[in-house]
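Scroll down for the structure; my scribbles are underneath it.
Number of protein chains: 2
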Amino acid sequence: MPVKLTAPEAASLLPVRGVELGYAQAHVRKPNRKDVLVIKLAEGTTVAGVFTLNRFCAAPVTVCKEHLAANKGIRAILVNTGCANAGTGEDGLSRAKQSCDALASKLSIQASQVLPFSTGVILEPLPVDKVIAGLPAAIDNLKADNWLNAAEAIMTTDIVAKGTSRQFQLDGKTVTITGISKGSGMIHPNMATMLGYVATDAAISQSALQAIIQYAVNKSFNCITVDGDTSTNDSLILMASGLAGNAVIDESSPDFTVIRDKLTEVAVELAQAIVRDGEGATKFMTVRVEAGKNEEECRKVAYAIAHSPLIKTAFFASDPNLGRILAAIGYAGIDDLDVNNMELYLGDVLVAEKGGRAASYVEEQGAAVMKESDILVRVVLNRGKADCTIWTCDFSYDYVKINADYRS
Amino acid sequence: MPVKLTAPEAASLLPVRGVELGYAQAHVRKPNRKDVLVIKLAEGTTVAGVFTLNRFCAAPVTVCKEHLAANKGIRAILVNTGCANAGTGEDGLSRAKQSCDALASKLSIQASQVLPFSTGVILEPLPVDKVIAGLPAAIDNLKADNWLNAAEAIMTTDIVAKGTSRQFQLDGKTVTITGISKGSGMIHPNMATMLGYVATDAAISQSALQAIIQYAVNKSFNCITVDGDTSTNDSLILMASGLAGNAVIDESSPDFTVIRDKLTEVAVELAQAIVRDGEGATKFMTVRVEAGKNEEECRKVAYAIAHSPLIKTAFFASDPNLGRILAAIGYAGIDDLDVNNMELYLGDVLVAEKGGRAASYVEEQGAAVMKESDILVRVVLNRGKADCTIWTCDFSYDYVKINADYRS
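Protein chains in written order, with numbering that gives the first Met the number 0: chain W, 0 to 407; chain U, 0 to 407.
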C-alpha cells in the first residue's frame with residue numbers, strides 16, 4: 000500500500016479552462032484498462048517541457064523535443080501506457096510520428112502541434128495501430144472534468160492515481176492549476192521524471208514558463224528517487240492556456256514568483272506522491288543534508304543514503320540499524336569529510352556525533368521514530384551553508400515481487 | 000543458496016609454512032559460534048594491506064594502518080565478528096588498541112605487531128572484554144591446518160565458508176598459497192573489500208608484495224558488487240612468510256609475474272566466491288563492457304548495470320526484460336554515447352544494436368540464457384579499445400529478508 004496516499008476525489012481535480020481530456024481502452028498491452036490519453040489544448044496555450052537525460056531516451060521524447068522546437072504552438076498531447084517505445088531505433092521514431100499524424104488529422108491540426116508520450120516496457124515495438132485505433136473513443140469523451148480519468152489512464156505499476164489542484168486570485172482573476180503524474184519504479188529523475196502534466200489557465204509567456212519549469216523541476220521531480228534507475232521516458236510538461244484573463248506574466252511581472260511558487264507547490268506534491276506510491280513502499284523518507292560546502296556534496300550524501308539497499312531494507316524492517324547510514328555518508332564521495340565533526344539525526348533524535356554514537360542516544364528513541372510511516376533523516380555536515388532535501392521510500396519484498404513479475 | 004558455491008573441504012586448504020590459525024567462541028554477539036580468529040605469523044613474514052576508502056572507516060582499519068606504518072614486522076592478526084567497531088569514535092580506537100595489547104602480551108610481541116579487524120554491526124561499542132576473554136582458547140588451538148575453521152570464524156551473513164589454495168614450483172621450491180575471505184552484503188569494494196586474508200610461504204620483498212596487492216585487488220575485489228554499499232571495514236591482507244626457501248622476490252625478479260599472477264588468481268576466486276555467496280543471490284552475473292574510450296567509462300556502464308535494482312530483480316525472475324539494461328547504459332553518465340552504434344549481448348545472443356532490438360533477436364533466445372545460473376552480459380560500445388569486467392549477483396526476496404532481519 001502507498002504511504003499515506005489515496006487517490007484524489009474526482010471533484011477535487013478542478014477543470015482548467017482551455018484544457019480537455021479524453022481516454023480510451025486500446026488494449027496496447029493488457030485488456031480492460033485505460034491506456035490511451037488525449038489532452039486537447041486551446042489555441043494560444045504556452046507549453047514547456049523537460050525531459051530525461053538518459054542517452055537511450057525514448058522515441059517519443061525525441062519527437063517531443065522536435066515538435067517543441069518547431070514552435071507551431073502545441074495543441075494536443077497523446078500518451079500511451081503498456082509500451083515505452085524506447086530502445087526502438089529509427090522504427091520507434093517512425094511509429095511515434097505516425098501516432099502524431101493520426102491524432103493531428105482527426106483534430107485538424109499539424110502533426111508538429113502534437114506531443115507524444117509512451118510509458119511501459121522498453122525494447123519492444125510500439126503497437127501503433129492499437130494506439131491509433133483508440134483515438135476516436137478518446138476524442139469522443141474529451142471533456143474538462145476528466146482529470147481523474149486522465150490520471151488513471153497513465154498508470155503502470157502505480158497503485159493510486161496521482162493529481163492535485165490549486166485555485167487562487169491573481170491580477171484580480173481566478174486562476175486554476177491542476178496537475179497529474181505517474182511513476183512508481185525506475186524513478187531517479189535527471190532533469191525530469193516519468194510523466195507529469197501540469198496545466199493552468201493563467202496567461203504566462205513562453206520564456207517565463209520555461210524559467211518556471213526549470214525552477215519547479217529542480218525543487219520537485221529532481222529531488223525524488225525510488226530505486227536509482229533513471230527512466231528513458233521521463234517528461235514533465237507545463238501548459239498555460241491563458242484563459243483566466245490575467246495580463247500575460249513574464250519574468251519581470253510582479254506575479255511571476257506567485258505563479259512560479261504555486262506551480263512548484265503542485266510539482267512537489269505530485270513528485271512526493273510518486274514516492275509515496277513507490278514500488279512496494281511502506282515508508283516515506285525525507286533525507287535532508289545541511290551545512291555542506293555546496294549543494295552538490297549535499298546531494299551526493301543524500302543520494303548515497305537514499306539509494307542504499309541496506310538502509311532501505313532496514314527502514315522496511317523498522318530496524319534502527321543506523322550505522323548503515325554512517326557507512327553511506329562515508330562512501331558518498333566527499334574525500335575531505337571530517338567524520339568527527341558531523342551529526343546524524345533521526346527525526347528529532349540525535350543519533351551520532353563526534354564520529355560515533357551520541358552519548359545521549361538510546362535505541363528505544365530510534366526504534367520509536369522508525370515505527371512512523373513518514374521519517375526524517377537529517378545529516379549536519381558542519382562545513383558550509385548549503386543544503387538539499389531528497390524524498391525516497393523503503394525497499395520491501397513487494398519491490399522485488401513487482402519487478403520480478405512486471406512483464407508476466 | 001549460493002550460486003554454484005560450496006564450502007571447501009578442510010583438506011583442500013593447504014597449510015602455509017609459518018602461518019598458524021586459532022579460533023574461539025567468545026559470544027561477541029551471539030552464543031555458540033566461532034567469532035574470534037587469531038593468525039600467528041613467523042618472524043620475518045612480509046605483510047601488505049589495502050583498506051576501505053569509506054570516510055567512516057572502522058577503528059581497527061585505522062589501527063591497522065598505524066601498525067603497518069610502524070614497520071616493526073607484523074606477527075599476528077586478530078579478527079572478531081559480531082561488531083564492526085565502526086562509527087565508534089575515539090572510544091572505538093581505544094578498544095581496538097586494547098585488543099592488540101592483550102594479544103601482544105600473550106604472544107610476547109609488541110602491540111604494533113598486531114593487526115586488528117572487526118566485522119558486524121556498525122555504531123555499537125566493541126565488547127572488547129569478550130574478545131580478550133576469547134584469546135586463550137584461540138591461542139590454545141593455533142595450528143597450521145586450521146584454515147577452514149578460520150574461514151568459518153570470520154563469517155557473518157555468509158552462508159558458506161570461502162577459501163582456496165594453490166601449490167606450485169618456484170625457483171626449485173614448492174610454494175603454497177592459501178586464502179580465505181568473508182562478505183555477502185555491503186559489498187561494493189573501493190580499494191579492497193570486506194575481509195580477505197591470503198598467505199604464502201614464498202619469500203617476497205615488502206615493496207614487491209605491495210605492488211602485487213595493488214595489482215591483485217584491482218583485478219579481483221575491486222571488480223565485484225553485491226549491493227553498491229562500500230563497507231566501513233573492507234580489508235585485504237597479503238602475507239608472505241618466506242619459509243618456502245626461494246630467493247626473495249622483488250619487482251625485478253623473473254618470478255615476480257609468476258607469483259603475482261598466482262596470488263591474483265587466488266584473489267579473483269575469493270572475490271567471486273563473495274558474489275556467489277551474495278546476500279540472497281540466485282544468479283551470478285558477469286558484466287563485461289568492451290571497446291570503450293577508457294576504462295573509467297567502461298566501469299561506469301558496468302556498475303550502472305550491476306547496481307540497478309530493476310535489472311537485478313529481472314534476473315532473479317529469469318525475465319529477459321532487457322530494455323532495463325539499455326536504460327542503465329543510457330544513464331551511466333557517458334554524455335556523448337552514440338546509442339545507435341553499440342551492441343548488447345546476453346551470453347552469445349545479440350539482443351540490441353542500432354539503438355533498438357536486433358532484427359535477429361527472438362525472446363526465446365533471451366529466456367533460455369536467463370534460466371542459467373551463470374550469465375554473461377556483454378556491452379560493446381564501439382568507441383575505443385578499453386574494457387572492464389565486473390561480477391555481481393541478482394536481487395531476490397531473500398536479500399530483503401536478510402537485511403531486514405540482520406540484527407534481530
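Even for Gly, the Cβ is constructed at its ideal location relative to N, Cα and C.
Proximity winner among the options, relative to residue i (alpha-carbon distances)
| i | options | result |
| --- | --- | --- |
| U:Phe255 | U:Lys218, U:Tyr214, U:Asn232 and U:Ile121 | U:Tyr214 |
| U:Asn31 | U:Thr80, U:Gly182, U:Gly43 and U:Ala69 | U:Thr80 |
| W:Val378 | W:Ser359, W:Val15 and W:Lys353 | W:Lys353 |
| U:Lys74 | U:Gly43, U:Glu278 and U:Thr231 | It should be noted that the sequence gives Arg, not Lys, for residue 74 of chain U. The residue with the shortest Cα to Cα distance from U:Arg74 is U:Gly43. |
| W:Ser359 | W:Glu342, W:Ser372 and W:Glu371 | W:Glu342 |
| U:Gly182 | U:Thr175, U:Val174, U:Val62 and U:Tyr196 | U:Tyr196 |
| U:Leu147 | U:Thr155, U:Thr163 and U:Gly133 | U:Thr163 |
| W:Arg356 | U:Asn145, U:Glu264, U:Leu13 and U:Ile121 | U:Ile121 |
| W:Glu294 | W:Cys387, W:Val265 and W:Leu194 | W:Cys387 |
| W:Ile5 | W:Ala327, W:Glu151 and W:Ala143 | For the record, residue 5 of chain W in the displayed sequence is Thr; it is not Ile. Of the candidates W:Ala327, W:Glu151 and W:Ala143, the one whose C-alpha sits nearest the C-alpha of W:Thr5 is W:Glu151. |
| U:Asn145 | U:Lys129, U:Val18, U:Lys71 and U:Ser251 | U:Val18 |
| W:Leu336 | W:Leu375, W:Arg382, W:Ile108 and W:Ala403 | W:Arg382 |
| U:Val130 | U:Asp260, U:Ile176, U:Asn221 and U:Ala95 | U:Ala95 |
| U:Ala25 | U:Pro7, U:Gly133, U:Gly88 and U:Val15 | U:Gly133 |
| U:Asp404 | U:Thr155, U:Cys63 and U:Gln97 | U:Thr155 |
Same chain only: Cβ atoms within 7 angstroms of residue i, ignoring 5 sequence neighbours per side
| i | result |
| --- | --- |
| U:Gly365 | Pro319, Leu321, Leu345, Val348 and Val350 |
| U:Ile248 | Ala201, Ala202, Ile203, Ser204, Ala207, Asp254, Phe255 and Ile258 |
| W:Thr224 | Ile186, His187, Tyr302, Ala305, His306, Ile389 and Thr391 |
| U:Ala313 | Asn320 and Arg323 |
| W:Phe55 | Ala85, Gly86 and Thr231 |
| W:Leu13 | Ser164, Gln166, Thr175 and Thr177 |
Inter-residue CB distance, residue i and residue j (contact presumed, cutoff 8 angstroms)
| i | j | result |
| --- | --- | --- |
| U:Ala103 | U:Asn84 | Their Cβ separation, rounded to whole angstroms, is 18 angstroms, which puts U:Ala103 and U:Asn84 out of contact at 8 angstroms. |
| U:Cys82 | U:Ser111 | Not really, about 23 angstroms apart at Cβ, beyond 8 angstroms. |
| U:Asp226 | U:Met185 | 7 angstroms |
| U:Thr234 | U:Val46 | First, the residue type needs correcting, since residue 234 of chain U is Ser and not Thr in the sequence shown. In fact, because the Cβ distance is near 12 angstroms, the residues do not count as touching under 8 angstroms. |
| W:Leu262 | W:Leu237 | 7 angstroms |
| U:Ala160 | U:Leu36 | The Cβ separation is near 12 angstroms, so there is no contact. |
| U:Phe315 | W:Val399 | 7 angstroms |
| W:Arg165 | W:Val265 | 6 angstroms |
| U:Val286 | U:Val376 | 5 angstroms |
| W:Leu125 | W:Asn245 | That pair is no contact at about 39 angstroms. |
| U:Ser372 | U:Val2 | 5 angstroms |
Residue i Cβ short of 7 angstroms to the ligand SAH heavy atom set
| i | result |
| --- | --- |
| U:Arg16 | The ligand SAH is not part of this structure, which contains no ligands at all. |
Residues near residue i by beta carbon distance below 6 angstroms, same chain, minus five either side
| i | result |
| --- | --- |
| U:Glu296 | Ile333 |
| U:Met190 | Its pLDDT being 40, under 50, U:Met190 is placed unreliably in this model, and the value from its coordinates should be taken loosely. Same-chain partners within the cutoff: Val49 and Leu52. |
| U:Ala243 | Lys172, Val174, Asp200 and Ala201 |
| W:Gly241 | Gly43 and Ala202 |
| U:Val78 | Leu36, Phe116 and Ile153 |
| U:Lys370 | Ser317 |
| W:Lys39 | Glu19, Ala75 and Leu141 |
| U:Asp397 | Gly279 |
| U:Val127 | Arg94, Gln97 and Ser98 |
Residues that DSSP places opposite residue i in a beta bridge
| i | result |
| --- | --- |
| U:Gln166 | U:Thr175 |
| W:Phe50 | W:Ser234 |
| W:Met284 | W:Ile374 and W:Thr391 |
| U:Lys181 | U:Leu194 |
| W:Phe220 | Looking at the DSSP assignment, W:Phe220 forms no beta bridge with any residue, so it has no partner. |
| U:Leu114 | U:Ile76 |
| W:Val130 | DSSP lists no partner for W:Val130. |
| U:Leu349 | U:Tyr344 |
| W:Gly355 | W:Glu352 and U:Thr87 |
| U:Glu123 | U:Glu123 pairs with nothing; no bridge assigned. |
| W:Glu443 | Only positions 0 to 407 of chain W appear in this structure, which leaves residue 443 of chain W out of reach. |
| U:Thr199 | U:Ile176 and U:Ala239 |
| W:Ala385 | W:Gly291 |
| W:Lys142 | W:Leu20 |
Own chain, CB closer than 8 angstroms to residue i, minus 5 neighbours either side, in chain order
| i | result |
| --- | --- |
| U:Leu325 | Val338, Leu343 and Ala351 |
| W:Glu409 | Nothing can be reported for residue 409 of chain W, as the shown portion of chain W is limited to 0 through 407. |
**OP:** Note down, one range per segment and in chain order, each alpha helix (DSSP H) of at least 4 residues found wholly within the region 21 to 88 of chain W.
**Re:** With a minimum length of 4 residues, the continuous alpha helix (DSSP H) runs that stay inside the region 21 to 88 of chain W are 58 to 69.
Original post:
Considering only residues of the region 238 to 313 of chain U, which uninterrupted beta strand (DSSP E) runs meet the minimum length of 3 residues and lie entirely inside it, listed in chain order?
Top reply: Segments of the beta strand (DSSP E) lying fully in the region 238 to 313 of chain U: 283 to 291.
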